[in-house]
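To keep things clear, I will list the structure first and then write my remarks on it.
Protein chains: 2
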Amino acid sequence: MQKKFTLAETDIPEQWYNIVADMPNKPLPPLHPGTHQPIGPEMLMPLFPMELIKQEVTTDRWVGIPEEVREIYKVWRPTPLFRATGLEKALDTPAKIYYKYEGVSPAGSHKPNTAVPQAFYNKQEGVKRITTETGAGQWGSALSFACSLFGMECDVYMVRASYDGKPYRKMMMHTWGANVYPSPSDRTNAGKQILAQDPHSPGSLGIAISEAVEMAVQDEHTKYALGSVLNHVLMHQTVIGLEAIKQLEQAGDFPDIVVAPFGGGSNFAGISFPFLRYNLAEGKQIRCIAAEPASCPKLTRGVFRYDLGDTIGMTPLIPMYTLGHNFIPAPIHAGGLRYHGAGAIVSQLLHDGLIEAQSHNQLSCFEAGILFAKTEGIIPAPEANHAIATVIREAQQAKEEGVPKTILFNLCGHGHFDMAAYEQYLSGKLVDHEVTQEEIMASLAELDTPLINV
Amino acid sequence: MQKKFTLAETDIPEQWYNIVADMPNKPLPPLHPGTHQPIGPEMLMPLFPMELIKQEVTTDRWVGIPEEVREIYKVWRPTPLFRATGLEKALDTPAKIYYKYEGVSPAGSHKPNTAVPQAFYNKQEGVKRITTETGAGQWGSALSFACSLFGMECDVYMVRASYDGKPYRKMMMHTWGANVYPSPSDRTNAGKQILAQDPHSPGSLGIAISEAVEMAVQDEHTKYALGSVLNHVLMHQTVIGLEAIKQLEQAGDFPDIVVAPFGGGSNFAGISFPFLRYNLAEGKQIRCIAAEPASCPKLTRGVFRYDLGDTIGMTPLIPMYTLGHNFIPAPIHAGGLRYHGAGAIVSQLLHDGLIEAQSHNQLSCFEAGILFAKTEGIIPAPEANHAIATVIREAQQAKEEGVPKTILFNLCGHGHFDMAAYEQYLSGKLVDHEVTQEEIMASLAELDTPLINV
Chain A
41 MQKKFTLAET DIPEQWYNIV ADMPNKPLPP LHPGTHQPIG PEMLMPLFPM
91 ELIKQEVTTD RWVGIPEEVR EIYKVWRPTP LFRATGLEKA LDTPAKIYYK
141 YEGVSPAGSH KPNTAVPQAF YNKQEGVKRI TTETGAGQWG SALSFACSLF
191 GMECDVYMVR ASYDGKPYRK MMMHTWGANV YPSPSDRTNA GKQILAQDPH
241 SPGSLGIAIS EAVEMAVQDE HTKYALGSVL NHVLMHQTVI GLEAIKQLEQ
291 AGDFPDIVVA PFGGGSNFAG ISFPFLRYNL AEGKQIRCIA AEPASCPKLT
341 RGVFRYDLGD TIGMTPLIPM YTLGHNFIPA PIHAGGLRYH GAGAIVSQLL
391 HDGLIEAQSH NQLSCFEAGI LFAKTEGIIP APEANHAIAT VIREAQQAKE
441 EGVPKTILFN LCGHGHFDMA AYEQYLSGKL VDHEVTQEEI MASLAELDTP
491 LINV
Chain B
41 MQKKFTLAET DIPEQWYNIV ADMPNKPLPP LHPGTHQPIG PEMLMPLFPM
91 ELIKQEVTTD RWVGIPEEVR EIYKVWRPTP LFRATGLEKA LDTPAKIYYK
141 YEGVSPAGSH KPNTAVPQAF YNKQEGVKRI TTETGAGQWG SALSFACSLF
191 GMECDVYMVR ASYDGKPYRK MMMHTWGANV YPSPSDRTNA GKQILAQDPH
241 SPGSLGIAIS EAVEMAVQDE HTKYALGSVL NHVLMHQTVI GLEAIKQLEQ
291 AGDFPDIVVA PFGGGSNFAG ISFPFLRYNL AEGKQIRCIA AEPASCPKLT
341 RGVFRYDLGD TIGMTPLIPM YTLGHNFIPA PIHAGGLRYH GAGAIVSQLL
391 HDGLIEAQSH NQLSCFEAGI LFAKTEGIIP APEANHAIAT VIREAQQAKE
441 EGVPKTILFN LCGHGHFDMA AYEQYLSGKL VDHEVTQEEI MASLAELDTP
491 LINV
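Structure below.
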C-alpha cells in the first residue's frame, strides 16, 4: 500500500487561495480601539509593508506567490502527505487516515510558510529589521529563519517564562542570527511600565506583542510581523491544503473530514480552506473540524464579538470568537494554542456554521500523540496532538458506524523541542486544566468592546 | 534553478550494495580476543540473528531489502537531495554543491536506515528484546523507534554523563516505549564492577557496550544491536548513496567529490560506497573524503592494526584504523564521532588508498554549521558539520583553481537536540581540543593486540 505521496518542486502552488472571495458573509472590518470606527489600510502602514496590507484586505480569489518565495519554499515544500497505515491498524478502523506533515521545514512547523513571504515583502520595501513576539518559540524561530535568508535583522520578544524555562528555541533563533529579548524588557516603555510594577514579571504574549509593536512604530526601517490571526497570514498557509488536494488525487481519494489544531487560525486555515472551497463553490459537504484545547475553548465556549488582539489594547478590534483579551489560558504545553481569540475569517465561518470545532483536554492529547509516535514513528508537537485526538475520535466513530470515511489532518510540526512535556506525561506529572463557566463569564464580563449584531 | 530532487517511494532501493564484492583486497577477518584466531559466524549467534550474521560475512554484491523494511523506509525515504544554492552563493565558488538530507527520519538522522532492518530480522527470528548502548542518544533513539514499530522491547544503556546532562534524547526513547538505563547500572555484573570502583562513574561507551552485550548473551530471547562499524550496518546505509545516484541523474550531474562525517564508518559508507563502485568497477576517480574530528583522528593519525571494538574486551578483534581502545576522545559535541576505531571495510579501503580522510577542529565545524544554517536554513547536527567543513574547504579550493567541481555530501542529521552546543559556540564558550602525538603514542603503546602485516 502506498504510504507517502510526494510532489515535485514544480508542484509548489503558484498562488495562495483567499477564501474571502468565496465566503457568503465576508468577515467584518477591524475597528479602531478608540473610536470603534472601521480602520483603513493606512492605519496599518507603520506596522506592515504595503503589499501585506493589500493582501489583508483583498477579495481576489487567488494571489500570486512571488518566485523568490517559491524558491525558498523548495527547502521544505512540497511537504509529504502520508497515509497513516500504522495508526489505522492500531485503531482497527474502516476509516482511511491521511496526514500532511509540515514538520519537515527547518523551523519544524508550518510557520515558515508565512514567515518567508512576510520577510520577503518587508525586504522588498526596504525594511531593515522585523520585530515580533513569541511564546514557546515556534513563530519566533520561523521568522528568525526567514530573516536570516534575506539578510534582515530580527528582534524577537520572548515571554520571560519561556525564555528562562524553554531555552532551546531561543538558541535556535540565535543560531539563525536573531536577537531574542526576554519580555518584559527594559528596551520599551511598555516593558519598563510592567517591570516597574513587578520586577519579576514572567511576561505574557500580550506584553510581548506590545513591546514588539512599540519598537516597530518608532523606527521607519523597522516593521512588525504576526504569525497567525490576520487574513494574509491565513492565506499564506493555504499552500498546505492546495498541495494536499494534488496528493489525495494521486491517492485516488478525497476527504470526508479535514482536521487541524486551532490557535489563532492559520494552521486550520492552511489545510482546510482549499477544501472548504469545494463546499462553498461546488456544494460538497466536507466536515472541517478545528481542534482546540479544553483549557482555552474560544471556539466551543467563547462568544462572537469584537475584541482586542492583545491584552493591553495596542491592536485594532477584531471580530472574533473570544474568551476575552484578559483570559489567561492555563500553562498547557501546546503553547501555540494558548490564545484568547480566533481570526476574523475563521470566526465568521464558525458563526455561519461552515466549520466545526471540538475541544480536548491535555492528557488525552498526549495519549493520542504517543499512540501516533508508536505507530507512525513521528513524535508530534503538542499542538498537533489536538488534531490527532479529533482524528482518533472520528475514526472510532467511523468504526462504530461501519462507515469507511476518509480523514485528512495537518501534522503541523514535530515535538523535538517538547520532549520534556512528553516525559512529564509519561511520568504521570501532567494534569488537565478545567475551565469553569464562571471563569469564562468573568473574563467576558470585563469586555467593553463592541458587540456584533447578528 | 532546481533546488530539491525528490524520488517516489517506488524509487526506494530494492537491494543494499555490498562493497566487499568489489574490493580489490577484502577486509581481514575478525579475531577471537583470547585465541587471536579468526572467528566463525557461530560465535556471533548469541548476539545477532542469523540473517544479520550472514549479511556480515556475505560477498554477494547485492542483498535484497525485505518488503517489510521498505514499507517502513517509506516514512522518510527516499530522502531529498538538495542543491546548496545558498551556500554556493555565500562561498562565491564555481563548485556545485549537493547534499543528501537524512535528518527527515523520525529519529532525525541516518541511523534508522539500519535500526529498522536490524529490528526486523530480530523480530523475524523470534527475539523479544534488543539491547544496545548509546552515547548522546542518536543510535539509541533510532533503535527505540524501530523496536516500537515492531512491538519489541528495547533496552538502551546510555552513558551516565549523557543520561544526566543531555536528557532530551532519553525522553524521546521513552516516548517510543524504550527502557533507558544510565550506564554503569547495577543491572549487570559489568556495571556493578565499575560502580564498586567508583559509585559516581560518569560511564563511557565502552562500559555501556559491555552492559548491553552482557544482558543479551544471558537471555535467549534477547539480542544485541550495534549502530555502526560492522559490515552489515555499513551495507544497510547504502540506500543513501543509491538514491543519490538517481537524484544526481535527475540533476544531470555526477560528483567529483563525495564527503561524509566519520565516526565508525556507517555514515560515510552509506553515501560513498555506491559511488566508490564506479571507481572500483569502472575506473572512475571520484574522491571520497571521510571528515573526522581533530580530537579523535583515527583515520588521519591512527594506525592500522587489530583492536577491540570496546574498551574492556568483550568484542572480537577488528582490523581497524585505531587510536587504541583505551583512547578517551575529548568531550566534543559531535558525540557520534567520538569512537576510537574505524570499521574493517573502511579501514581496508583507506589503507589501500581508495578513500581519503581529513580532520577538523570543533570551532571550525561550528563556524561551518552556522554558515550553512544561515544560507540553507537547516541547522545541522554537530557530526554533519564536519562534512560541511570539508565541503567548504574543497569549494574554496575549487575557487582558487577556477575549476567547477561537483561536490556531494551527507547531511546526516539535524541539530535540534544540540542547540546547547550552538549556544555555547555563539557565546564563545566552546574550545578546541588538541591531541598531542605523545597522547596518541601512549594510547597505542598499551595495545597488545595483533599487528597487521602489510
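As they're listed, the protein sequences go chains A and B. Just so we're aligned, residue 41 is where the first sequence starts under this note's numbering, counting upward by one. Just so we're aligned, residue 41 is where the second sequence starts under this note's numbering, counting upward by one. Cβ atoms here follow ideal geometry from the backbone N, Cα and C, with glycine treated the same way.
Distance cutoff 8 Å, beta carbons only. Does residue i sit that close to anything in chain A?
{"i": "lysine 286 (chain B)", "result": "no"}
{"i": "threonine 340 (chain B)", "result": "no"}
{"i": "serine 202 (chain B)", "result": "no"}
{"i": "glycine 217 (chain B)", "result": "yes"}
{"i": "tyrosine 197 (chain B)", "result": "no"}
{"i": "glutamine 477 (chain B)", "result": "no"}
{"i": "glycine 417 (chain B)", "result": "yes"}
{"i": "phenylalanine 315 (chain B)", "result": "no"}
{"i": "valine 279 (chain B)", "result": "no"}
{"i": "histidine 400 (chain B)", "result": "no"}
{"i": "lysine 43 (chain B)", "result": "yes"}
{"i": "alanine 413 (chain B)", "result": "yes"}
{"i": "methionine 481 (chain B)", "result": "no"}
{"i": "histidine 426 (chain B)", "result": "no"}
{"i": "phenylalanine 160 (chain B)", "result": "no"}
With DSSP as the reference, identify every bridge partner of residue i, one or two as the case may be.
{"i": "tyrosine 208 (chain B)", "result": "DSSP, once it has assigned bridges, lists no residue as partnering tyrosine 208 (chain B)."}
{"i": "serine 149 (chain A)", "result": "A:Gly453"}
{"i": "tryptophan 56 (chain A)", "result": "A:Val103"}
{"i": "histidine 473 (chain A)", "result": "Beta-bridge pairing links histidine 473 (chain A) to no other residue."}
{"i": "isoleucine 329 (chain A)", "result": "A:Val299, A:Glu396"}
{"i": "phenylalanine 344 (chain B)", "result": "B:Tyr361"}
{"i": "glycine 497 (chain B)", "result": "Residue 497 (chain B) falls outside the range modelled here, since chain B spans only 41 to 494, and no answer is possible."}
{"i": "phenylalanine 122 (chain A)", "result": "A:Lys44, A:Tyr139"}
{"i": "tyrosine 318 (chain B)", "result": "DSSP output for tyrosine 318 (chain B) lists no bridge partner at all."}
{"i": "asparagine 219 (chain B)", "result": "B:Asp195"}
{"i": "cysteine 263 (chain B)", "result": "A quick correction: the sequence has lysine, not cysteine, at residue 263 (chain B). Bridge partners of lysine 263 (chain B): B:Ile170."}
{"i": "isoleucine 428 (chain A)", "result": "Paired residue(s): none; isoleucine 428 (chain A) is not in a bridge."}
{"i": "leucine 282 (chain B)", "result": "DSSP, once it has assigned bridges, lists no residue as partnering leucine 282 (chain B)."}
{"i": "leucine 131 (chain A)", "result": "DSSP output for leucine 131 (chain A) lists no bridge partner at all."}
Would you tell me roughly how many angstroms separate the C-alpha atoms of residue i and residue j, rounded to the nearest one?
{"i": "glycine 205 (chain A)", "j": "aspartate 62 (chain B)", "result": "54 Å"}
{"i": "phenylalanine 449 (chain B)", "j": "glutamine 437 (chain B)", "result": "16 Å"}
{"i": "glycine 353 (chain A)", "j": "serine 483 (chain A)", "result": "15 Å"}
{"i": "proline 86 (chain B)", "j": "methionine 255 (chain B)", "result": "11 Å"}
{"i": "glycine 246 (chain B)", "j": "phenylalanine 45 (chain A)", "result": "42 Å"}
{"i": "asparagine 319 (chain A)", "j": "histidine 276 (chain A)", "result": "20 Å"}
{"i": "tryptophan 102 (chain A)", "j": "alanine 330 (chain B)", "result": "49 Å"}
{"i": "serine 387 (chain B)", "j": "glycine 393 (chain B)", "result": "10 Å"}
{"i": "glutamate 441 (chain B)", "j": "aspartate 347 (chain B)", "result": "41 Å"}
{"i": "proline 19 (chain B)", "j": "valine 167 (chain B)", "result": "A question about residue 19 (chain B) goes unanswered here, because the residues of chain B that appear run from 41 up to 494."}
{"i": "alanine 309 (chain A)", "j": "glutamine 464 (chain B)", "result": "38 Å"}
{"i": "glutamate 289 (chain A)", "j": "lysine 43 (chain A)", "result": "14 Å"}
With residue i and residue j assumed to form a contact (beta carbons below 8 Å), what rounded beta-carbon distance in angstroms separates them?
{"i": "glycine 376 (chain B)", "j": "glutamate 407 (chain B)", "result": "Actually they do not touch by this definition, with Cβ atoms about 19 Å apart."}
{"i": "threonine 171 (chain A)", "j": "alanine 291 (chain A)", "result": "Actually they are not in contact, since the Cβ atoms of threonine 171 (chain A) and alanine 291 (chain A) sit about 42 Å apart, beyond 8 Å."}
{"i": "aspartate 293 (chain A)", "j": "isoleucine 326 (chain A)", "result": "With 8 Å as the limit, aspartate 293 (chain A) and isoleucine 326 (chain A) do not qualify as a contact, their Cβ atoms being about 12 Å apart."}
{"i": "leucine 491 (chain B)", "j": "arginine 345 (chain B)", "result": "5 Å"}
{"i": "valine 60 (chain B)", "j": "asparagine 271 (chain B)", "result": "7 Å"}
{"i": "valine 269 (chain A)", "j": "glycine 383 (chain A)", "result": "4 Å"}
{"i": "cysteine 130 (chain B)", "j": "threonine 489 (chain B)", "result": "This sequence places alanine at residue 130 (chain B); cysteine is not what is there. Between threonine 489 (chain B) and alanine 130 (chain B) the Cβ distance is about 46 Å, and since that is not below 8 Å, they are no contact."}
{"i": "phenylalanine 457 (chain A)", "j": "arginine 209 (chain A)", "result": "6 Å"}
Could one say the Cβ of residue i lies closer than 8 Å to chain B's Cβ atoms, at least one of them?
{"i": "glutamate 111 (chain A)", "result": "yes"}
{"i": "leucine 466 (chain A)", "result": "yes"}
{"i": "leucine 282 (chain A)", "result": "no"}
{"i": "serine 149 (chain A)", "result": "no"}
{"i": "phenylalanine 457 (chain A)", "result": "yes"}
{"i": "isoleucine 410 (chain A)", "result": "yes"}
Does the beta carbon of residue i fall short of 7 Å from some heavy atom of the ligand PLP?
{"i": "isoleucine 137 (chain A)", "result": "Among the components of this structure there are no ligands whatsoever, and the ligand PLP is therefore not found."}
Name the chain C residues that come within less than 8 Å of residue i, Cβ to Cβ?
{"i": "methionine 192 (chain A)", "result": "Of the protein chains in the structure, A and B, none is chain C."}
Check your understanding: Of all the beta strand (DSSP E) runs that stay within the bounds of the stretch 180-206 of chain A, which reach a length of 3 or more residues?
Key -> 193-199
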